[in-house]
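S.K.:
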Amino acid sequence: MPTEQHRLPELLAPAGNVESFFAALENGADAVYLGLKQFSARASAANFTLKELSHLLPFAQQRQVSVYKALNSLVTAFELPALLDVLQALSDLRVDGIIAQDPGIFFVARHQFPRLRLHASTLAAVHNSAGVHQMEHLGAQRAVLARELSLEEIHQIARKTQLELEIFVHGALCFSYSGLCLASSYRGGHSGLQGRCVQPCRLHFQQGRKEGYYLSCNDFCALSFVPKLKKMRLSALKIEGRMKPAEYVAVVVQAYRRVLDASEDEEREVVAEAHELLLRAPARRLTGGFLSDDPVHEILTPHRSGSSGLWVGTIKRTGEASIAVAPRHTIASGDRLRVESTEGREKGAFTVAGIQTLKGKPVPTASPGATVSLAVRGSFLPGERLFRVASKGDNPWKDPAVLWRLVYQEVPEGRRFSQRFAQQAHLTSVWPAAVRSTQRANENLIVKMARAQDLPQAFQSPAEWVMLVATKANLERLSRQKLIPAQKQRFIWSLPPIFSEKDLDYYRPAVLWYLERGFRRWEVNNWGHLNFFGEPERVDLIAGARLNVRNPAALASVAESGCNWAELSLEITRQELAALPHGLLGAVPIVTVYAWPALFTSRLPVKLQEDRPFFTARQDAYFVRADKHLTRIYADRPVSWLSQLPNLRAYGYRFFLMDMSEGPQPPMKDWERLLGGFKHGRADEPYSLFNLDREPVKKKQR
Numbered sequence: 127m128p129t130e131q132h133r134l135p136e137l138l139a140p141a142g143n144v145e146s147f148f149a150a151l152e153n154g155a156d157a158v159y160l161g162l163k164q165f166s167a168r169a170s171a172a173n174f175t176l177k178e179l180s181h182l183l184p185f186a187q188q189r190q191v192s193v194y195k196a197l198n199s200l201v202t203a204f205e206l207p208a209l210l211d212v213l214q215a216l217s218d219l220r221v222d223g224i225i226a227q228d229p230g231i232f233f234v235a236r237h238q239f240p241r242l243r244l245h246a247s248t249l250a251a252v253h254n255s256a257g258v259h260q261m262e263h264l265g266a267q268r269a270v271l272a273r274e275l276s277l278e279e280i281h282q283i284a285r286k287t288q289l290e291l292e293i294f295v296h297g298a299l300c301f302s303y304s305g306l307c308l309a310s311s312y313r314g315g316h317s318g319l320q321g322r323c324v325q326p327c328r329l330h331f332q333q334g335r336k337e338g339y340y341l342s343c344n345d346f347c348a349l350s351f352v353p354k355l356k357k358m359r360l361s362a363l364k365i366e367g368r369m370k371p372a373e374y375v376a377v378v379v380q381a382y383r384r385v386l387d388a389s390e391d392e393e394r395e396v397v398a399e400a401h402e403l404l405l406r407a408p409a410r411r412l413t414g415g416f417l418s419d420d421p422v423h424e425i426l427t428p429h430r431s432g433s434s435g436l437w438v439g440t441i442k443r444t445g446e447a448s449i450a451v452a453p454r455h456t457i458a459s460g461d462r463l464r465v466e467s468t469e470g471r472e473k474g475a476f477t478v479a480g481i482q483t484l485k486g487k488p489v490p491t492a493s494p495g496a497t498v499s500l501a502v503r504g505s506f507l508p509g510e511r512l513f514r515v516a517s518k519g520d521n522p523w524k525d526p527a528v529l530w531r532l533v534y535q536e537v538p539e540g541r542r543f544s545q546r547f548a549q550q551a552h553l554t555s556v557w558p559a560a561v562r563s564t565q566r567a568n569e570n571l572i573v574k575m576a577r578a579q580d581l582p583q584a585f586q587s588p589a590e591w592v593m594l595v596a597t598k599a600n601l602e603r604l605s606r607q608k609l610i611p612a613q614k615q616r617f618i619w620s621l622p623p624i625f626s627e628k629d630l631d632y633y634r635p636a637v638l639w640y641l642e643r644g645f646r647r648w649e650v651n652n653w654g655h656l657n658f659f660g661e662p663e664r665v666d667l668i669a670g671a672r673l674n675v676r677n678p679a680a681l682a683s684v685a686e687s688g689c690n691w692a693e694l695s696l697e698i699t700r701q702e703l704a705a706l707p708h709g710l711l712g713a714v715p716i717v718t719v720y721a722w723p724a725l726f727t728s729r730l731p732v733k734l735q736e737d738r739p740f741f742t743a744r745q746d747a748y749f750v751r752a753d754k755h756l757t758r759i760y761a762d763r764p765v766s767w768l769s770q771l772p773n774l775r776a777y778g779y780r781f782f783l784m785d786m787s788e789g790p791q792p793p794m795k796d797w798e799r800l801l802g803g804f805k806h807g808r809a810d811e812p813y814s815l816f817n818l819d820r821e822p823v824k825k826k827q828r
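If you want it as structure tokens, here you go:
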């Protein structure tokens, strides 16, 4: 984006299919973002093939519309060769940019495909100016900021940085920070970081006699804030919704286009008109998100369902090819309805094929007050609720086959691209060679603690290294204590994954103060942390698990950024663990063998008690812990691979982490038992293996 302050940010629209692609172009989008059939963080969208993209790119670019390819899924080691082939094709096709979160993609693209423009996905959890600076160092030309930022925080980040910045302005809100959510993956292996989130935050929960949608966020609408946003140094305003139908995309793009183009004198009137227009785009309750003055009470309304659209009725009975429904609002043949399960989970959508009275008389519409029969296909249950997400006649676009014919008529010959990356055999020639082998290293146990007062106990343990979370309280306490040289050699500070922009004013000098006093080892849990350390030779850095490292290219990336060690992703599987040590690794891999990780990490407080569990309809139990800044949601049991230690050693791993810094209950009471479990390779409490025995890549349901 040009640097002139008056230049409008581009309006960036989602295109989950060709219908939405046309809807975006015809209603004023400056750019669209779309996915391929793989490596997309919206794996359930229709998405596109490379062949289709070879025609769509020139079609859009001839209309001065940019096309960004979302490549923002985490990549497993097994997918790396296919990823390289895709990057080669995208480079050949001259896509306007790729959106990525995996550090391996940044590393490979920078070294092998310098023509590709890189955009750091919101899944990279960039939420302060330090993160933006580090993304620039990684090779990004743009960073998509976290949705959790206020207007003032966005303004400060824009003022302190030069990189292109993109923010979301409309669509769904996640309860957790993007990139830090493990909930979907934990319960069923459907990783949100791999584009397969099943939205457990939308579920109905119960705690004692209380029940509600405690984690389900209302939708985000920044229309009223666009007049302020377009005056900031922002490159793009982004609309969420690659799973949304074309008619939704058309209406939302049109609304934001009007406000962006309005003069200052027109803005108030145009914003009001645009809000009226949005009534045609079914959504959850619209809020100003974290841009508003009171985000806490706007975003979470537990008494409301988490489903999008207008609740039009509830299924009374089911038949072979029909369902009996008592409408709350008028339903018409041709309406698009989404099903919400009795647990509160969004299911698939369907089009009403026909409506009959209970006596079998066909009718065009069904009004409130009378039970009717809807002709449908699929599996339904009594008690499930129906939400209208599109109305008959809302979509002026022709069917997909007609739209593709228009594209092929204008662009009969798609751009040429290579199907294979020719340099696979020489890929590792540019990788940092910090590690040749892990198998010959001595075994190393790392223990991670939450409280400074537990350090004496930890230093008496057989752990080689002792890690402490760098909370402000711990940093202040340890500044008044003195570690003996032998303890300082074993000590590691662990930086928390979330720092507000204001927190940087505290943490930068605090880190420098400790560096000057010989504290060399630090665990980094956000890309912005790397921006604190100017001279790599002064420090020994460990890439924390929240950087989501799970392939050799990602290990090379963190090594190039100054990390000598890297904790592997908490979502990693046994198959990946078995294969990973056999290649050249840039950083020494560390396997977490015990942890109680937060499944959700949120800036929103919830109306739940901390001293008792809360449950889903299936009786999955969770606990909440909160401080004045963050809310964390935990499962009812830790992740333990202590019984898997013999296998992990046989695979070649020598560095193991026992993270006792988190969880709903203080783990120090189990300190001796857990250390005994490590010594003897056993786990003797209720525990989860997380994704250990699941497939590395969850197959898409058909």
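Residue 127 is where the sequence shown starts when you use our numbering, and the numbers rise one by one after that. Ideal Cβ positions, reconstructed from N, Cα and C, are used throughout, including at glycine.
Ignoring anything shorter than 4 residues or poking outside the region 765-802, list the alpha helix (DSSP H) runs there in chain order.
M.R.: The region 765-802 contains these whole alpha helix (DSSP H) runs: 771-777.
S.K.: Grab the span of the alpha helix (DSSP H) containing V378 for me, first residue to last.
M.R.: Start and end: A372 to D387.
S.K.: Terminal residues of the continuous beta strand (DSSP E) containing G230?
M.R.: Unbroken run through G230 is the alpha helix (DSSP H), P229 to Q238; no beta strand (DSSP E).
S.K.: With a 10 Å radius around its C-beta and 16 neighbouring C-beta atoms as the bar for buried, classify Y374 as buried or exposed.
M.R.: Per the 10 Å Cβ criterion, buried.
S.K.: Kindly confirm or deny that the region 225-240 and the region 627-641 touch, where touching means at least three C-beta pairs closer than 8 Å.
M.R.: With a cut-off of 8 Å, the region 627-641 and the region 225-240 do not count as touching, because too few Cβ pairs lie within range.
S.K.: If we ignore side chains and look at the alpha-carbon of each, how far apart do Q827 and W530 end up?
M.R.: Note that Q827 scores a pLDDT of 40, beneath 50, so its modelled location is shaky and nothing firm can be said.
S.K.: Excluding five sequence neighbours on each side, which residues of the same chain lie with their C-beta closer than 6 Å to the C-beta of F351?
M.R.: The answer, listed in chain order, is L417.
S.K.: Can you give the beta carbon distance from P812 to V765, rounded, assuming they're within the 8 Å contact cut?
M.R.: Not a contact, Cβ separation roughly 11 Å.
S.K.: Looking at the unbroken alpha helix (DSSP H) that takes in V528, where does it start and where does it end?
M.R.: Residues P526 to E536.
S.K.: Quick check: what's the CA-CA separation for A141 versus S180?
M.R.: Rounded to whole angstroms, A141 to S180 spans 15 Å at the Cα level.
S.K.: Measure from the alpha carbon of R780 to the alpha carbon of each residue in Q735, E693, V489 and H330, then state which is nearest.
M.R.: Among Q735, E693, V489 and H330, the Cα nearest to that of R780 is on E693.
S.K.: Comparing C-alpha positions only, which one of K336, C327, E395 and L360 sits nearest to N344?
M.R.: Of the candidates K336, C327, E395 and L360, the one whose C-alpha sits nearest the C-alpha of N344 is C327.
S.K.: Nearest by alpha-carbon distance to F645: which of Q613, H655 and I280 is it?
M.R.: Minimum Cα distance to F645 is reached at Q613.
S.K.: Taking C-beta to C-beta, are W691 and V714 nearer than 7 Å?
M.R.: Going by C-beta atoms, W691 is nearer than 7 Å to V714.
S.K.: Grouping DSSP H, G and I as helix and E and B as strand, with all else coil, what is R443?
M.R.: The answer is strand: DSSP assigns R443 an E or B state.
S.K.: Expressed to the nearest angstrom, what Euclidean distance is found between the alpha-carbon atoms of V561 and G803?
M.R.: Confidence is the limiting factor: at V561 the pLDDT is only 49, short of 50, which leaves the residue's position unreliable and the question unanswerable from this model.
S.K.: I'd like to know whether the C-beta atoms of L134 and K354 end up nearer to each other than 7 Å.
M.R.: Going by C-beta atoms, L134 is not nearer than 7 Å to K354.
S.K.: Residue range of the alpha helix (DSSP H) that N600 falls in?
M.R.: Taken as a continuous stretch (DSSP letters only), the alpha helix (DSSP H) holding N600 covers K598 to S605.
S.K.: Curious, which full-length alpha helix (DSSP H) runs of at least 4 residues does the region 158-208 contain?
M.R.: Counting only runs of 4 or more, we get 176-187.
S.K.: Count Cβ pairs between the region 465-484 and the region 502-521 that sit closer than 8 Å; are there 3 or more?
M.R.: The region 465-484, when compared against the region 502-521, does touch it at the 8 Å Cβ threshold.
S.K.: Give the single residue among L182, S459 and L160 whose Cα lies nearest to the Cα of R541.
M.R.: For the residues L182, S459 and L160, the minimum Cα distance to R541 belongs to L182.
S.K.: Using only alpha-carbon positions, find the residue among L271, H455 and A589 that is nearest to R359.
M.R.: Nearest option by C-alpha distance: L271.
S.K.: On a Cα-Cα basis, can you pick out the residue from V717, D631, R643 and Y633 that is closest to A671?
M.R.: A671 has its Cα closest to that of V717, out of V717, D631, R643 and Y633.
S.K.: Is there contact between the region 198-210 and the region 222-233, where contact requires at least three CB pairs shorter than 8 Å?
M.R.: Taking 8 Å as the limit for Cβ pairs, the verdict is that the region 222-233 does touch the region 198-210.
S.K.: Measure the Cβ-Cβ separation of T727 and L306 and say whether it is below 7 Å.
M.R.: Their beta carbons are under 7 Å apart, which means T727 touches L306 by this criterion.
S.K.: Taking the alpha-carbon positions, what's the S626 to H253 distance?
M.R.: About 7 Å.
S.K.: Give me the Cα-Cα distance between P528 and A372, rounded to the nearest whole angstrom.
M.R.: The sequence shown places Val at residue 528, not Pro. If you take the alpha carbons of V528 and A372, they lie about 15 Å apart.
S.K.: Could you check whether the region 214-226 touches the region 241-250, counting it as contact only if at least three pairs of C-beta atoms, one from each stretch, sit closer than 8 Å?
M.R.: Result yes; three or more Cβ-Cβ pairs closer than 8 Å.
S.K.: Enumerate in chain order the residues of its own chain whose CB-to-CB distance from G435 is below 7 Å, with the five nearest sequence positions on each side excluded.
M.R.: Answer for G435: P408, R464, F513, R514 and V515, listed in chain order.
S.K.: Please look up how many angstroms separate the CB atoms of D222 and V193, rounded, as I've assumed it's under 8 Å.
M.R.: About 5 Å; that satisfies the 8 Å criterion.
S.K.: Does DSSP put S448 in a helix, a strand or coil?
M.R.: Of the three classes helix, strand and coil, the one that applies to S448 here is strand, per DSSP.
S.K.: The alpha helix (DSSP H) with F147 in it runs from where to where?
M.R.: That run of the alpha helix (DSSP H) goes V144 to E152.
S.K.: I need the boundaries of the beta strand (DSSP E) containing M369, first residue and last residue.
M.R.: That residue, M369, is in no beta strand (DSSP E); it is neither H nor E in DSSP.
S.K.: Only counting the same chain, and skipping five residues up and downstream in sequence, which positions put a Cβ closer than 6 Å to that of D580?
M.R.: So the qualifying residues of the chain are M794.
S.K.: Provide the residue span of the beta strand (DSSP E) that contains W591, from first to last.
M.R.: Counting along the chain, the beta strand (DSSP E) containing W591 begins and ends at W591 to V595.
S.K.: Quickly, what does DSSP pair G297 with across the bridge? List them, please.
M.R.: The partner list for G297 (beta bridge, DSSP) reads F346.
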